[in-house]
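Note that the working numbering has the sequence shown beginning at 777, numbered continuously upward.
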Amino acid sequence: MSEKRRDSRGRILHNGEIQMPDGRYRYKYMDAFGQTHYTYSWRLDKNDRMPAGKKTEASLREKERQIAADLFDQIVPEGGNLTVTDLVEKYVALKTGVRPTTEAGYRSVINLLKKEEFGRKRIDKVKISDAKAWLIRLQKDGRGFSSIRTIRGILRPAFQLAVDDDIIRKNPFGFELATVVYNDSVTREALTREQERRFLKFVEGDQHFRKYYDGIYILLNTGLRISEMVGLTKADIDFQNMKINVDHQLQRYNGIGYRVVEPKTESGVRQVPMTSEVAECFRRIIRARVKPKAEPVIDGYAGFLFLDKDGRPMVAMHWEKYFQHICEKYNKIYRVQMPKVTPHVCRHTFCSRMAAARMNPKTLQYIMGHSDISVTLNTYTHLGFEEASEEVRRLASGQ
């Protein structure tokens, strides 16, 4: 009868267990597919002390019990040795036909994980508390709520994929985000009529910024998304029928360049009516447009209305900067400060104006390109005392 194998302390080792020359313990096992795997620990039993200078970990026999339970439940032991980054890359590889914006978001999250210690963590080691602590730290390091929401929006389905594939038991990102990180998103308020008047007057009279007046006026009086406006070509402006044909938007992505893509939603494909003032703005833009040496053609589209000094189409980022600089200059001159104005604030302002004018919500939904009427209806809740007072007077007069 062969002698039982023992460790350096004289304890009998079970099948698959050995103690290595450096004192570390190893367990050898086979998965359901007959493949050999190994797991290691500096401790044989949970009551053993960790050697000095070694990071605390589960004992070998604790790991063995978990592996046995996983194999019994047909869970892939040790998370298939996938790290968080590996898992997200696997998840992203299965997502085909996504929009370029979504693809860019995937790349950003993967690049973030590659820099983070959390991204190197084995997925079966990630606890709910680990996931929460990491998101909290991201916010403390300066990431905004919307950015963290995007990150969690990729990690949660990625971990759910691992659950569905029987690699892990539970999704550590299955919690409500608002219960963990503070929503610091700034609510975009519509400009008042007086703010809008002062803003436009300032832009029109400024020697440098007046060249952006027509574009800003169009944003304030059509409700177009900025990516829709910069994507407009001469062929999209129908002066005869006084309408703007919106069926695409222009985007620029890091590592990809310019792309013409479909509107944000199916409802984004629409025809936006023009007032005579908006039409005149477009006429001035077309007359002032300098013909570039080589007309830019992007995904079959040419004749873009808004070009930069190098003859390339402007994108949303250009206009975000223009608005920022205009507000900064305005607030250096005037005591009564202008709130933050962005292209999206212009869109929200237009929507609020139309709601205040009691435009039919379904009509406004169509003009705005909202896919859900609730988005449009929420605008009606942003109206203030001025609109409420006007409505009371209207009802009192029987109009």
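Idealized CB from N, CA, C, for every residue including glycine. Small disclaimer: the values here were computed from a predicted structure and weren't measured.
For residue i versus residue j, is the C-beta distance shorter than 7 angstroms?
i            : j            : result
residue 1081 : residue 1109 : no
residue 1022 : residue 1090 : no
residue 1117 : residue 1099 : yes
residue 999  : residue 1123 : yes
residue 1036 : residue 1075 : yes
residue 944  : residue 899  : yes
residue 803  : residue 786  : no
residue 1019 : residue 1047 : yes
residue 815  : residue 839  : yes
residue 1119 : residue 995  : yes
residue 876  : residue 1029 : yes
residue 1102 : residue 935  : no
residue 1041 : residue 1147 : yes
Using a Cβ-Cβ distance cut-off of 7 angstroms, determine whether residue i contacts chain D.
i           : result
residue 904 : No chain D is part of this structure, which consists of one protein chain only.
Taking the alpha-carbon of residue i as reference, which of the options has the nearest alpha-carbon?
i            : options               : result
residue 826  : 800, 873, 844, 807    : 800
residue 837  : 876, 790, 1127, 796   : 790
residue 1068 : 1088, 781, 987, 1056  : 1088
residue 868  : 1026, 932, 814, 829   : 932
residue 952  : 879, 925, 1002, 938   : 925
residue 1044 : 897, 1002, 1092, 910  : 1002
residue 842  : 1064, 805, 862        : 805
residue 918  : 929, 959, 883         : 959
residue 1083 : 891, 1008, 1149, 1054 : 1008
residue 1077 : 863, 1052, 1026       : 1026
residue 1125 : 820, 997, 1094        : 997
residue 1128 : 1065, 1096, 967, 1013 : 967
residue 1079 : 1093, 1012, 795, 896  : 1012
residue 929  : 981, 1143, 886        : 886
residue 858  : 831, 896, 884         : 896
residue 1017 : 864, 1055, 888, 1092  : 1055
residue 1106 : 1070, 1049, 976, 1095 : 976
residue 890  : 908, 779, 864         : 864
residue 845  : 807, 833, 1049        : 807
residue 1181 : 833, 1143, 831, 1063  : The structure shown does not extend to residue 1181, since the chain is modelled only from 777 through 1175, so no value can be given for it.
Does the beta-carbon of residue i have 16 or more other beta-carbons within 10 angstroms, so that it is buried, or is it exposed?
i            : result
residue 947  : buried
residue 1179 : With the chain running from 777 to 1175 in the structure shown, residue 1179 is simply not present.
residue 1130 : buried
residue 1141 : buried
residue 1024 : buried
residue 993  : buried
residue 938  : buried
residue 957  : buried
residue 990  : buried
residue 1145 : buried
residue 1004 : buried
residue 870  : exposed
residue 1052 : exposed
residue 1121 : buried
residue 940  : exposed
residue 819  : buried
residue 821  : exposed
residue 1092 : buried
residue 1057 : buried
residue 817  : buried
Could you tell me the distance, in whole angstroms, from the CA atom of residue i to the CA atom of residue j?
i            : j            : result
residue 860  : residue 1153 : 40 angstroms
residue 1157 : residue 965  : Residue placement at residue 1157 is flagged as unreliable, the pLDDT there being 48, under the threshold of 50; the coordinate-derived value follows with that caveat. Approximately 12 angstroms, taken between the alpha carbons.
residue 1137 : residue 974  : 28 angstroms
residue 823  : residue 894  : 29 angstroms
residue 927  : residue 781  : 50 angstroms
residue 983  : residue 1015 : 29 angstroms
residue 979  : residue 1133 : 26 angstroms
residue 971  : residue 922  : 27 angstroms
residue 788  : residue 954  : 51 angstroms
residue 942  : residue 866  : 15 angstroms
residue 916  : residue 906  : 15 angstroms
residue 1038 : residue 879  : 15 angstroms
residue 1135 : residue 1034 : 36 angstroms
residue 1072 : residue 910  : 44 angstroms
residue 835  : residue 881  : 39 angstroms
residue 912  : residue 987  : 43 angstroms
residue 1094 : residue 830  : 53 angstroms
residue 920  : residue 908  : 15 angstroms
residue 874  : residue 902  : 28 angstroms
If you measure from the CB of residue i, is any heavy atom of the ligand ATP nearer than 6 angstroms?
i            : result
residue 1061 : Among the ligands in the structure shown, none appear at all, so the ligand ATP cannot be discussed.
**OP:** Any chance you could list the alpha helix (DSSP H) runs of at least 4 consecutive residues sitting entirely within the stretch 1048-1079, in chain order?
**Re:** 1052-1064
Subject >> Segments assigned alpha helix (DSSP H), at least 4 residues, entirely inside the stretch 869-942 >> reply: Every alpha helix (DSSP H) stretch that sits fully inside the stretch 869-942 and reaches 4 residues is listed by chain position as 876-891, 904-916, 921-940.
Original post:
What are the start and end residues of each continuous alpha helix (DSSP H) run of 4 or more residues lying completely inside the stretch 974-1005, in chain order?
Top reply: 989-998
Original post:
Hey, which unbroken runs of the alpha helix (DSSP H) at 4 residues or more fall wholly within the stretch 1086-1142?
Top reply: 1092-1109, 1119-1132
**OP:** Please list the segments of the alpha helix (DSSP H) lying wholly inside the stretch 786-859, counting only runs of 4 or more residues, in order along the chain.
**Re:** 836-848
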